[in-house]
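Participant: The sequence shown begins at 125 in the numbering used here and counts up by one.
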Amino acid sequence: MRSIKSALISIVILFSIWIFLAGTSTQEMIFGGLSVLLLTLIFHKKLTILGDIRLNPKSITYFILYVFVFLWELIKSNLDVAARVISPKLRIKPGIVKVKTKLKSPLGRAFLANSITLTPGTLTVEMKDNYFYIHWIDVTNEDVEGATEAIVSKFEKYLEVIFG
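1) Nearest to I286 by alpha carbon, out of K226, T246, V263?
2) Can you have a look at D267 and say buried or exposed, based on whether 16 or more other CB atoms are within 10 angstroms of its CB?
3) Measuring only the C-alpha atoms, how far is I154 from S130?
4) So for E273, helix, strand or coil by DSSP?
5) Between G219 and the rest of its own chain, which residues show a CB-CB distance below 7 Å, the 5 nearest in sequence each way excluded?
6) K278 and E152 look like a contact to me (Cβ under 8 Å); what is the Cβ gap, rounded to whole Å?
7) Buried or exposed: D176, going by 16 or more other Cβ atoms within 10 Å of its Cβ?
8) How about S134 and L161: do their beta carbons lie closer than 8 Å?
9) Nearest to L214 by alpha carbon, out of V205, K222, V221?
10) Between T248 and N238, what straight-line distance do the alpha-carbon atoms span, to the nearest angstrom?
11) With C-beta atoms as the reference, is P244 less than 8 Å away from S201?
12) Just mark A207 as buried or exposed, buried being the case when its beta carbon has 16 or more other beta carbons within 10 Å.
13) Would you call L174 buried or exposed, if buried means 16 or more other Cβ atoms sit within 10 Å of its Cβ?
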């Protein structure tokens, strides 16, 4: 069942990407659909990680909310880093902090690590068990709970519903 679910998800994702890149003419849709089906048949056994995605109305709603939360955090962190760069005094206190995640899904953890890395000012250095090591441009909290609250919690509550 998990294999069928991951195959269906891969078809939807690949076909969406195809339409976005190639357009919606009849020939392109037919060729894209056949290509997507062929790729999915060949690689579906390797795409079992996609089975971690929950497909229900709540998880879809949380995914849409997550996109907006991520974009908001991206804008805030870009402005923060830009302000630090143009400031006469370089207001940074860089360091590596340890944060803890509640996510069990490998795909959910990868999403979280990438979300952290894509927001300026933070970079995921290592993932080990339930812990991530994050390089933070301005360490304001060095303990695990405080750093987790500052960096991880804004993304994790959405990803937990989407991936488990």
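Glycine included, C-beta positions come from ideal geometry on N, C-alpha and C.
Facilitator: Looking at the atomic coordinates:
1) Here the closest residue by C-alpha is K226.
2) Counting Cβ neighbours within 10 Å, D267 comes out exposed, since fewer than 16 surround it.
3) Each residue's Cα considered, the two are about 22 Å apart.
4) Three-state DSSP puts E273 in a helix.
5) Taking C-beta separations shorter than 7 Å and ignoring five residues to either side along the sequence, the partners of G219 in its chain run W260, V263, following chain order.
6) About 39 Å separates the beta carbons of K278 and E152, which is beyond the 8 Å limit, so they are not a contact pair.
7) The residue is buried, with at least 16 neighbouring Cβ atoms inside 10 Å.
8) Not closer than 8 Å, so no.
9) Taking each of V205, K222, V221 in turn and checking the Cα distance to L214, the smallest one comes out for V205.
10) Rounded to whole angstroms, T248 to N238 spans 8 Å at the Cα level.
11) At the C-beta level, P244 and S201 come within 8 Å of one another.
12) Around the Cβ of A207, a 10 Å sphere holds fewer than 16 other Cβ atoms; the residue is exposed.
13) By the neighbour-count rule (16 or more Cβ atoms within 10 Å), L174 is buried.
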